[in-house]
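First comes the structure, then the notes that go with it.
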Amino acid sequence: MRTSQFFFTTLKEAPADAEVVSQKLMLRAGLIKRVAAGIYTWMPLGLKVLRKVEAIIREEMNHAGALELLMPAVQPAELWQESGRWTQYGPELLRFKDRHQRDFVIGPTHEEVITDVVRRDVKSYRQLPINLYQIQTKFRDEIRPRFGVMRGREFLMKDAYSFHTSYADLEREYQNMFETYSRIFTRLGLTFRAVAADTGAIGGTGSHEFHVLADSGEDAIAYCPDSDYAANVELAEGVVPEKSRGAATQSLAKVPTPGKTACADVAALLDLPLNRTVKAIAVVNEEESGKRFALLLLRGDHDLNEIKTSKIEGLSPFRFATEAEIVEFLGCKPGYIGPVGVDFGKVRVIADRVVAAMSDFVCGANEEDFHLTGVNFGRDVPEPEVADIRNVLAGDASPDGKGALEICRGIEVGHIFQLRTKYAQALECCYLDEQGKTQVMEMGCYGIGVTRIVGAAIEQGHDERGIIFPAAIAPFEVCIVPMAYAKSDAVKTASDQLYADLKAAGIDVVLDDRNERPGVLFADMELIGVPHRLVVGERGLASGQIEYKGRCDAEAVMVARDQVLTFLREKLCCVPAC
RNA sequence: CGGAGUGUAGCUCAGCCCGGUAGAGCACUGCGUUCGGGACGCAGGGGCCGGAGGUUCGAAUCCUCUCACUCCGACCA
2 MRTSQFFFTT LKEAPADAEV VSQKLMLRAG LIKRVAAGIY TWMPLGLKVL RKVEAIIREE
62 MNHAGALELL MPAVQPAELW QESGRWTQYG PELLRFKDRH QRDFVIGPTH EEVITDVVRR
122 DVKSYRQLPI NLYQIQTKFR DEIRPRFGVM RGREFLMKDA YSFHTSYADL EREYQNMFET
182 YSRIFTRLGL TFRAVAADTG AIGGTGSHEF HVLADSGEDA IAYCPDSDYA ANVELAEGVV
242 PEKSRGAATQ SLAKVPTPGK TACADVAALL DLPLNRTVKA IAVVNEEESG KRFALLLLRG
302 DHDLNEIKTS KIEGLSPFRF ATEAEIVEFL GCKPGYIGPV GVDFGKVRVI ADRVVAAMSD
362 FVCGANEEDF HLTGVNFGRD VPEPEVADIR NVLAGDASPD GKGALEICRG IEVGHIFQLR
422 TKYAQALECC YLDEQGKTQV MEMGCYGIGV TRIVGAAIEQ GHDERGIIFP AAIAPFEVCI
482 VPMAYAKSDA VKTASDQLYA DLKAAGIDVV LDDRNERPGV LFADMELIGV PHRLVVGERG
542 LASGQIEYKG RCDAEAVMVA RDQVLTFLRE KLCCVPAC
């Protein structure tokens, strides 16, 4: 490709509303253009990157035995009504009516359609297992699209669905996909980690997320550097402290804490560490059967994990209590509430595992402007229910007992689920087994956010000059930057020849033949993230040499003209650009 | 959905308080000089100042409504 023949649109300044680095750089490099909130056009340069990502995914999926198909983006409401998600899914599901007033959706995912496909054509155990995938545009009407292609509304996704005659076979394929995903992200040149995940709204049991590690990631990941344990913080288990609860050494005392509603303020006032305090969070479970009020106890420096909490029996769904409800049940304004003196018959008290092991702690007195010190379970307050309801923190013991947890941030680029029979059951996706008996299929589903990968790659690889793409997905592998292409015949001839040679060698090369000053050429090639650069100038040509510089190299090196191809080949296949 | 903010040239922004026929830098076009790290000169093109209504002799500027976008929160995954 010659830049003069390409649609090349770089910007010196990023649009003011771009928030994250990848978004700014993608807009500056002209990879994408914003069309509406969370909706982008992929320009030719960006599409080259996207297609390279797709190609790697497609190759590895095919290699893993999956079969590609293409389902419609537009889906009839009937299928969603049949699975029950027509009502379960919120406004995130984009619905519309056609000219006959029939309801349709623009698919945010394709479980319904694929299950329909399979139930129509798969009748026998002999046709199973099967793994079908597509690379397709999805639409999720996010409340707040942001971060460019990282959380867009329209995005490209690879989604695969597998069907099995047994859970054991589903587990086998799940493992197959786990390994396939690891190969895909490795080939893409990304630093990633597979983490145990919550199964969320899609439902099912086993689930792993694949995260590209980056500080700007939206998800917090707890991992153990000393083992392979890694889990989304939403799911990471807070383990029971090894030490059992200490004996009570203090007597219960009421202390004035006017205006101190936060644990940190109370701790500071009493000159105690924050981890001696206990905060109480009032929640309400409201269903047709009535309203139930509960008090959740957490150590002052811990945060509530709503996902874990919502899994407590009888508490789901829960919401935070209103001030009026708190006054109604505890007779006290929020900020000073605690478990002491509450009627355990009316209020359910659930302590985090860590709190349950505390003694002589500080908590609200259920009286405005007062807290209690020296509080002990069993003596001052009945033993509460105990559950794991907090977010783990860095330094916590790893649940596998092999060291301490660290927390890092990640961008979720892949997610694999064992759906089991959730959709197959709802949509009656069945087959006949060896005995001729009707059985429901076991299902797995496996997604990769294709567009998000491009953003994630840039979050992971960039510097002040622009994008540093992994070689596997860079828009071009090599650029040739001629010094005065329009002026010097020697440079022009040598550049054209080099370009032809590299192209003939199957290298994805771009020749920047624009009649611009060198600074412009250098800056643009660096901005768009081309990993390898060859500079052709009269200076080097005089001694039969071409200058080479990797995108991250500090210094350029001179390479003999007739050695360039060999030199480059080695760089391209063996050495990462950075 | 609640709170805050922003809409002026393709991009970044000034002008708005204090009404008087629309500006800068970058980008773009032409000519010339320049040419190994985002050059310079001269000459140009480009805007219904988000939209509608109102106040006024006169509105980018003041008022009302509306739309879009952004941020924080809630929600969702």
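All residue numbers for the first sequence refer to the working numbering, where the first residue is 2 and numbers rise by one.
Glycine residues also receive a C-beta, built at the ideal position from the N, C-alpha and C atoms.
Whole-angstrom C-beta distance between residue j and residue i, which should lie under 8 Å
i, j, result
"alanine 388", "leucine 406", "No, alanine 388 and leucine 406 are not in contact; Cβ-Cβ is about 19 Å, not under 8 Å."
"asparagine 276", "arginine 246", "Actually they do not touch by this definition, with Cβ atoms about 14 Å apart."
"alanine 19", "lysine 25", "4 Å"
"lysine 493", "tyrosine 486", "5 Å"
"leucine 271", "valine 348", "Leucine 271 to valine 348, Cβ: 26 Å. No contact."
"methionine 151", "isoleucine 390", "Wrong, their Cβ atoms sit about 30 Å apart, outside the cutoff."
"alanine 472", "leucine 573", "7 Å"
"valine 234", "isoleucine 222", "7 Å"
"glycine 551", "histidine 533", "6 Å"
Beta-carbon gap between residue i and residue j smaller than 8 Å
i, j, result
"leucine 373", "valine 350", "no"
"threonine 192", "leucine 157", "no"
"glutamate 155", "isoleucine 40", "yes"
"glycine 445", "lysine 159", "no"
"valine 531", "isoleucine 547", "no"
"isoleucine 580", "serine 163", "Since the displayed the chain opens at 2 and closes at 579, residue 580 lies outside it and no answer follows."
"glutamate 1", "lysine 334", "It is not possible to answer for residue 1, since the shown part of the chain is limited to 2 through 579."
"glutamate 21", "glutamate 556", "Checking the displayed sequence, the identity of residue 21 turns out to be valine instead of glutamate. Not in contact: valine 21 and glutamate 556 (Cβ atoms no closer than 8 Å)."
"valine 114", "leucine 70", "no"
"leucine 298", "aspartate 353", "yes"
"alanine 427", "methionine 442", "no"
"phenylalanine 105", "glutamine 76", "yes"
"serine 399", "serine 228", "yes"
"alanine 231", "valine 196", "yes"
"isoleucine 474", "valine 54", "yes"
Residue i (DSSP reduced to helix, strand or coil)
i, result
"isoleucine 338", "coil"
"cysteine 574", "helix"
"glycine 1", "This structure cannot speak to residue 1, because the chain is shown only from 2 to 579."
"leucine 80", "helix"
"isoleucine 282", "strand"
"leucine 94", "coil"
"threonine 166", "coil"
"phenylalanine 105", "strand"
"lysine 438", "coil"
"leucine 46", "helix"
"alanine 254", "strand"
"asparagine 177", "helix"
"leucine 70", "coil"
"aspartate 344", "coil"
"threonine 422", "coil"
"alanine 491", "helix"
"serine 290", "coil"
"aspartate 18", "coil"
"aspartate 563", "helix"
Backbone CA spacing between residue i and residue j [nearest angstrom]
i, j, result
"lysine 255", "serine 183", "57 Å"
"asparagine 392", "alanine 283", "17 Å"
"serine 167", "alanine 15", "52 Å"
"threonine 116", "leucine 68", "15 Å"
"glutamine 436", "arginine 421", "22 Å"
"threonine 110", "glycine 336", "43 Å"
"leucine 189", "serine 496", "30 Å"
"aspartate 302", "isoleucine 107", "43 Å"
"glycine 204", "lysine 423", "For glycine 204, the predicted structure reports a pLDDT of 47, less than 50, and the residue's modelled location is therefore unreliable. The matter cannot be settled from this model."
"tyrosine 134", "arginine 35", "28 Å"
"threonine 181", "valine 479", "28 Å"
"alanine 161", "valine 521", "43 Å"
"proline 383", "glutamate 219", "39 Å"
"aspartate 72", "glycine 31", "Strictly speaking, residue 72 in this sequence is methionine, with aspartate absent from that position. Between methionine 72 and glycine 31, the C-alpha separation is close to 30 Å."
"methionine 62", "phenylalanine 8", "32 Å"
"threonine 4", "glycine 450", "30 Å"
"glutamine 251", "alanine 358", "16 Å"
"leucine 296", "serine 360", "18 Å"
"glycine 346", "alanine 198", "35 Å"
"threonine 11", "methionine 2", "17 Å"
"phenylalanine 211", "proline 257", "49 Å"
Quiz item: Can you find at least 3 beta carbon pairs, one from the region 426-436 and one from the region 123-135, that sit closer than 8 Å?
Solution: Three or more pairs of CB atoms, one per stretch, sit closer than 8 Å, so the region 426-436 contacts the region 123-135.
Quiz item: Does the region 168-177 come within contact of the region 453-472, defined as at least 3 CB pairs closer than 8 Å?
Solution: Not touching, per the Cβ criterion.
Quiz item: Do the region 80-94 and the region 142-149 touch if we need at least three Cβ pairs shorter than 8 Å?
Solution: Using a Cβ-Cβ distance cut-off of 8 Å, the region 80-94 and the region 142-149 are in contact, since at least three pairs of beta carbons, one from each stretch, lie closer than that value.
Exercise. Determine contact between the region 259-269 and the region 316-325, defined as no fewer than three beta-carbon pairs at a distance below 8 Å.
Key: Contact annotation: the region 259-269 does not touch the region 316-325, with fewer than three C-beta pairs closer than 8 Å.
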